[in-house]
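What follows is one structure encoded as structure tokens, with my remarks underneath.
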Amino acid sequence: MVNPALQHPIFGPDIRCPHCRQTIPALTLTDTYLCTRHGAFEADPNTNTLVHLQSGRHWRQWEGEWYRQHTHPDGIRFEIHEALDRLYTEGYRATRVIIAERYKSLVSTYLERSTPWREPLESIAPQLYGLPVTFSPSAEQDPCWDVINFNLEKEPGVPIRYPYFRLFE
Ligand SMILES: [Zn+2]
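What the sequence shown shows, in numbering that gives the first Met the number 0, is residues 0 to 168, in sequence order.
Below is the structure:
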């Protein structure tokens, strides 16, 4: 009898499309998942990565969520910008950005450094969108950092939308 697990790609008989979140099936006896809207995604068992064939975008999964793997600093900067927007809409403000250590060499040259003279450059924390940036622990210390891209530290800010429902509690 054939082990049924061997008939599926590494992510199982179906996945949620990283683009539209629809459940999409694996094609029989291949490593390919097919979304009717976004085309083929191929699972690479050697790197635990899902590749969108049309765009060449890479994704990895952590706790059921897909995380795009960036190869250009603009990609991760744009994703951080979107997350900051979302945080602000939810009534928080970010106080720090923690970027995955694996992106250190990719983003380092792009980070803004405020350079008050007389201070040696190394002692000044790099910044992104005016926020201090630090890098995560290594993936050996915490395996989530092999997949997720960044984290935002936040504190309550001024909510944009007044939470009217609280009036009736
Ligand atoms: Zn899709």
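Note that CB positions come from ideal geometry on N, CA and C, so glycine has one too. A quick note: this is a predicted structure, and the numbers were derived from the prediction, not measured.
Beta-carbon proximity list for residue i, same chain, < 6 Å, skipping 5 on both sides
i	result
N150	I97
D30	P8, E41 and A42
A138	W144 and D145
P44	I9
Where residue i falls: helix, strand or coil (DSSP)
i	result
D43	strand
T48	strand
F149	strand
I159	Since pLDDT at I159 reaches only 48, below the 50 mark, its modelled position is unreliable, and the value read off the structure follows with that caveat. Looking at I159 - three-state DSSP - the assignment turns out to be coil, as it is neither helix nor strand.
I9	coil
R15	strand
E62	coil
E154	strand
T35	coil
A138	coil
Y87	helix
A25	strand
A99	coil
A82	helix
P125	coil
L105	helix
Own chain, CB closer than 8 Å to residue i, minus 5 neighbours either side, in chain order
i	result
C34	C16, H18, C19, Q21, I23 and F40
W61	C143, V146 and I147
L26	Y32 and L33
S107	P125
E78	R67, H69, N148 and F149
D141	S135
Residue i burial status per 10 Å Cβ neighbour count (16 or more: buried)
i	result
Q68	buried
A99	buried
L127	buried
H80	exposed
S135	buried
P125	buried
L83	buried
H51	buried
L166	With a pLDDT of 44 at L166, under the threshold of 50, the predicted position of this residue should be treated as unreliable, though the coordinate-derived value follows. So L166 ends up on the exposed side.
Nearest-angstrom Cβ-Cβ length linking residue i and residue j, presumed shorter than 8 Å
i	j	result
Q53	G38	5 Å
R76	Y109	7 Å
P155	G90	7 Å
L49	R95	That pair is no contact at about 30 Å.
R36	N47	Incorrect: roughly 24 Å between the Cβ atoms, too far for contact.
Chain D contact for residue i (CB, 9 Å cutoff)
i	result
F10	Among the protein chains of the structure shown there is no chain D, as only one such chain exists.
Same chain, Cβ closer than 7 Å to residue i, neighbours up to 5 away in sequence not counted
i	result
K153	L86, Y91, R92, A93 and T94
P72	L105, V106 and Y109
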